[in-house]
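Engineer:
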Amino acid sequence: MQMESLYQEIILDHYKHPHGRGLRDPFGAEVHHVNPTCGDEITLRVQLGGTDAEAKVEDVSYDGQGCSISQASASVLYELLVGKTVGEALAVSEEFRTLMQGRGKVEPDEDVLEDAVAFAGVAKYPARVKCALLSWMAFKDATAQAVGAETGGTP
Amino acid sequence: MTATAARPSALDVEAIRADFPILSRTVRDGRKLVYLDSGATSQKPRQVLDAEREFYEQHNAAVHRGAHQLAEEATDLYEGARATVAAFIGAQFDEIVFTKNATEGINLVAYSLGNAATAGPEAARFAVGPGDEIVVTEMEHHANLLPWQQLCQRTGATLRWFGLTDDGRLDLSDVDSVITGRAKVVALTHQSNALGTINPLEVISARAHAVGALVVLDACQSVPHMPVDVMSTGADFVAFSGHKMLGPTGVGVLWGRRELLAAMPPFLTGGSMIEVVRMEGSTFAPPPMRFEAGVPNIAQAVGLGAAVDYLDAVGMEKVHAHERALTAYALDGLATVDGLRIIGPPTNEARGGAVSFTVDGIHPHDVGQVLDDLGVAVRVGHHCAWPVMRRYAVPATTRATFYLYNSTDDIDALVAGVEQAKRFFS
Chain A
1111 MQMESLYQEI
1121 ILDHYKHPHG
1131 RGLRDPFGAE
1141 VHHVNPTCGD
1151 EITLRVQLGG
1161 TDAEAKVEDV
1171 SYDGQGCSIS
1181 QASASVLYEL
1191 LVGKTVGEAL
1201 AVSEEFRTLM
1211 QGRGKVEPDE
1221 DVLEDAVAFA
1231 GVAKYPARVK
1241 CALLSWMAFK
1251 DATAQAVGAE
1261 TGGTP
Chain B
44 MTATAARPSA
54 LDVEAIRADF
64 PILSRTVRDG
74 RKLVYLDSGA
84 TSQKPRQVLD
94 AEREFYEQHN
104 AAVHRGAHQL
114 AEEATDLYEG
124 ARATVAAFIG
134 AQFDEIVFTK
144 NATEGINLVA
154 YSLGNAATAG
164 PEAARFAVGP
174 GDEIVVTEME
184 HHANLLPWQQ
194 LCQRTGATLR
204 WFGLTDDGRL
214 DLSDVDSVIT
224 GRAKVVALTH
234 QSNALGTINP
244 LEVISARAHA
254 VGALVVLDAC
264 QSVPHMPVDV
274 MSTGADFVAF
284 SGHKMLGPTG
294 VGVLWGRREL
304 LAAMPPFLTG
314 GSMIEVVRME
324 GSTFAPPPMR
334 FEAGVPNIAQ
344 AVGLGAAVDY
354 LDAVGMEKVH
364 AHERALTAYA
374 LDGLATVDGL
384 RIIGPPTNEA
394 RGGAVSFTVD
404 GIHPHDVGQV
414 LDDLGVAVRV
424 GHHCAWPVMR
434 RYAVPATTRA
444 TFYLYNSTDD
454 IDALVAGVEQ
464 AKRFFS
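What follows is the structure in structure tokens.
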């Protein structure tokens, strides 16, 4: 079955037992993103420990509805990005986006992506790439807003 | 009803399938294709593909202009397709407007009404403005919702709608208070693409006409699947798409009552739709040409004509009976799956072959993915009917839709696939 390349065990584990799920206070910014092709939604909050690229991502909390890919992806994001600096987190996000949009031709870097390498198979299913990226796009948006809010400028 | 009793016998499905080359291909590592997504777009028989190819190979020319032989032949074929479509739905030849698809047909009506206020005295009766109401239903496809929302936004009219009952029907408990004397348009679907519900048109069109409102019918999911006589629908306008009825993409039909089309201002303007053009101003051709600006989708219209010929040869009564039997069989089969909830009418009464469902604990996308892995093509998501999903508090559904080339084997594959999805995600 080809499907096992999509639904890696790690993905199913994160889907059935999501990490960091639920909206928490305090937070610097909150965003709501939807996937208009399927109606999936996520609300995501980011709490940063400062205002620049060296600031730590202290918490990412989220809630929403979506398929196994989108839910597991949010769970992996939480595991991967909390504790990193904003600069590091955005670099990992960029690496993940490149992998997802690589049509299955990008070799994932396990040192950078850790559990997120399990999503490599998703890149071969164009209809599911947006599912995997939903929370990551929300994170990028929320982080830009949080940085902007804390410096008093626009993101 | 038992599964055996529901086994369709109205059609020779094997013979029909032989006309559809795509149905013999395999998908996902050699799986037999089980195509249950005709509600999104139907497959095309060889006869339709041949008609399009023959048009391009033998007769291609721009229609309604040029005095050469090819132009004559192309015009004859294009207008012949119009006559074929007209006869298929009980309409007059000059009441058939070829559009890009049903979406364009509905937008054509909405924009014509929006243009009416400034289009002279003949069009004044179509004008929409503040204080007027446009009535839709909560089960509309976005194609029969957004054009009306936008018309309201442009003109200051108010959008109102019929809600839905828990079992997927229109809530008609108070028709007179939804369709009031202020209603200018009542737009609704004949058969819901997301729920499968077939709506009772008589009660709605009777009330609409009693208050002087126009009835616009989205027939995308009815004309391909059952005999439809436009004159007996009570509608003033009926829109449908060619690609959902074995025809090519890029061609649709808008039918309108002759006297209405004759008085309506145009939507798109340009070549072909004119009477006299001067620098100071222009006048327009009578319908249907008034509504067909530019060189039209000729080959696609010819292909649609071939699709109608194909459906006529099979017989729409038989197509409908076959799909009713398949739907009963599917409702029975899906009812055996623990945790499966039908979104829409649970019985086969006043219902077509679009069956939406959810499965406890598994997102519809994931159900669809497992089915795809088994070669079963279904639609997942909100089916361009997002308000329907909200009404039933589901993020999305998995939807199977049936057509004349489907068999009970296809439905067995669907039910087995859903069971497999449950095992996979348990």
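Going down the list, the sequences are from chains A and B.
Going from the first sequence to the working numbering is simple: count from 1 and add 1110.
Going from the second sequence to the working numbering is simple: count from 1 and add 43.
Every residue gets a Cβ at the ideal spot worked out from N, C-alpha and C, and that includes glycine.
On a predicted model such as this, the values are computed, not experimentally measured, just so you know.
Would you mind sorting G172(B) into buried or exposed? The rule is 16 or more other CB atoms within 10 Å of its CB.
Structural biologist: By the neighbour-count rule (16 or more Cβ atoms within 10 Å), G172(B) is not buried but exposed.
Engineer: Would G418(B) and V70(B) be called neighbours here (beta carbons separated by less than 8 angstroms)?
Structural biologist: Going by C-beta atoms, G418(B) is nearer than 8 angstroms to V70(B).
Engineer: Determine, using beta carbons only, whether D279(B) and K227(B) come nearer to each other than 8 angstroms.
Structural biologist: It is not a contact, given that the beta carbons lie outside the stated cut-off.
Engineer: So which residues of chain A does R406(B) contact, with C-beta pairs closer than 7 angstroms?
Structural biologist: Per the sequence shown, the amino acid found at residue 406(B) is His instead of Arg. Per Cβ cutoff of 7 angstroms: G1176, C1177 and S1178.
Engineer: Taking the C-alpha atoms as reference points, what is the distance between A459(B) and N242(B)?
Structural biologist: Their backbone Cα atoms lie some 31 angstroms apart in a straight line.
Engineer: Name, please, each residue of chain B whose Cβ falls closer than 7 angstroms to the Cβ of M1113(A).
Structural biologist: Chain B residues near M1113(A): Q412, V413 and D416.
Engineer: What's the C-alpha gap between G1176(A) and D355(B)?
Structural biologist: Using only the alpha carbons, I get a separation of about 43 angstroms.
Engineer: Note down, in chain order, every chain A residue with its Cβ under 8 angstroms from the Cβ of P267(B).
Structural biologist: By Cβ distance, chain A contributes nothing, its closest Cβ being about 24 angstroms from P267(B), past 8 angstroms.
Engineer: Counting only runs of 4+ residues fully inside the region 204-264 of chain B, write out the alpha helix (DSSP H) ranges in chain order.
Structural biologist: 218-221 and 244-253, all fully within the region 204-264 of chain B.
Engineer: Which chain A residues sit within Cβ distance under 8 angstroms of H425(B)?
Structural biologist: Under the 8 angstroms cutoff, chain A gives C1148 and G1149.
Engineer: Would you give the residue range spanned by the alpha helix (DSSP H) that V1208(A) belongs to?
Structural biologist: Here residue 1208(A) is Thr; the residue named in the question, Val, does not match the sequence. Per DSSP, T1208(A) belongs to the alpha helix (DSSP H) from V1196 to M1210.
Engineer: Among the residues of its own chain, which have a CB less than 6 angstroms from the CB of F1137(A), if the five just before and after it don't count?
Structural biologist: Closer than 6 angstroms at Cβ, skipping near neighbours: R1155 and Q1157.
Engineer: Going by DSSP, what residues sit across from T441(B) in a beta bridge?
Structural biologist: T441(B) is bridged to F400(B) and V423(B).
Engineer: Grab the span of the alpha helix (DSSP H) containing F141(B) for me, first residue to last.
Structural biologist: No alpha helix (DSSP H) holds F141(B); the beta strand (DSSP E) holding it covers I139 to T142.
Engineer: Where do the N-terminal and C-terminal ends of the alpha helix (DSSP H) with N150(B) fall, by residue?
Structural biologist: That run of the alpha helix (DSSP H) goes A145 to N158.
Engineer: Hey, how far is the Cα of E392(B) from the Cα of D1169(A)?
Structural biologist: Looking at the two C-alpha atoms, the distance is approximately 53 angstroms.
Engineer: Flag M432(B) as yes if its beta-carbon sits less than 8 angstroms from any beta-carbon of chain E, otherwise no.
Structural biologist: Among the protein chains in the structure shown, which are A and B, there is no chain E.
Engineer: May I ask which residues mark the beginning and end of the alpha helix (DSSP H) holding Y121(B)?
Structural biologist: Where Y121(B) is concerned, the enclosing alpha helix (DSSP H) stretches over Q112 to F131.
Engineer: For the beta strand (DSSP E) containing F136(B), name the first residue and the last one.
Structural biologist: It is not in any beta strand (DSSP E) - F136(B) carries neither H nor E in the DSSP assignment.
Engineer: How is the beta strand (DSSP E) around S325(B) delimited, first residue to last?
Structural biologist: That run of the beta strand (DSSP E) goes G324 to F327.
Engineer: Taking Cβ-Cβ distances below 7 angstroms as the criterion, which residues of the region 1123-1134 of chain A are in contact with chain B?
Structural biologist: Here the close residues number zero.
Engineer: Could you check what DSSP says for E1164(A) in three-state terms: helix, strand or coil?
Structural biologist: It is coil, neither helix nor strand.
Engineer: Can you list, in chain order, the residues of its chain with a C-beta nearer than 6 angstroms to that of A349(B)? Leave out the 5 residues immediately preceding and following it.
Structural biologist: For A349(B), where only same-chain residues beyond five positions count, the Cβ hits under 6 angstroms are Q90, V91 and A94.
Engineer: Less than 7 angstroms between C-beta atoms, sequence neighbours within five positions excluded: which residues of the same chain meet that for R108(B)?
Structural biologist: Around R108(B): A114.
Engineer: Based on Cα-Cα distance, which residue from T276(B), P267(B), H252(B) and A249(B) lies nearest to L260(B)?
Structural biologist: It is T276(B).
Engineer: Given this structure, state the Cα-to-Cα distance separating P1265(A) from V319(B), to the nearest angstrom.
Structural biologist: For P1265(A), the predicted structure reports a pLDDT of 43, less than 50, and the residue's modelled location is therefore unreliable. A value from the coordinates is still provided. In a straight line, the C-alpha of P1265(A) is about 56 angstroms away from that of V319(B).
Engineer: Determine the extent of the beta strand (DSSP E) in which G295(B) is found, giving its start and end residues.
Structural biologist: Per DSSP, G295(B) belongs to the beta strand (DSSP E) from G295 to G299.
Engineer: Just confirm the distance between the C-beta atoms of F169(B) and L189(B), as a whole number of angstroms; I'd bet it's less than 8 angstroms.
Structural biologist: About 20 angstroms separates the two Cβ atoms, so there is no contact after all.
Engineer: Based on the DSSP output, what are the partners of F280(B) in its beta bridges?
Structural biologist: Answer is V259(B) and G299(B), bridged to F280(B).
Engineer: Between which residues of its own chain and A1226(A) is the CB-CB distance below 7 angstroms, once the five residues before and five after are set aside?
Structural biologist: Same-chain partners within the cutoff: V1186, L1190 and F1206.
Engineer: Spatial neighbours of G314(B) within its chain, please: CB distance less than 6 angstroms, with the 5 preceding and 5 following residues excluded, ordered by chain position.
Structural biologist: If we look at G314(B) and ignore the five residues flanking it on each side, its Cβ neighbours are G337.
Engineer: Cα-Cα, which of A1165(A), E1164(A), A1182(A) and A1163(A) is closest to Y1172(A)?
Structural biologist: It is A1182(A).
Engineer: With H, G and I counted as helix, E and B as strand and the rest as coil, what does DSSP make of Q1157(A)?
Structural biologist: Three-state DSSP puts Q1157(A) in a strand.
Engineer: From the DSSP secondary-structure annotation, give me the bridge partner or partners of L188(B).
Structural biologist: Answer is none; L188(B) lacks a bridge partner.
Engineer: With DSSP as the reference, label S1171(A) as helix, strand or coil.
Structural biologist: If DSSP states are grouped into helix, strand and coil, S1171(A) belongs with the strands.
Engineer: Against chain B, does M1247(A) count as a neighbour if the rule is that its beta carbon must be under 8 angstroms from one of theirs?
Structural biologist: No, its Cβ sits nowhere closer than 8 angstroms to a Cβ of chain B.
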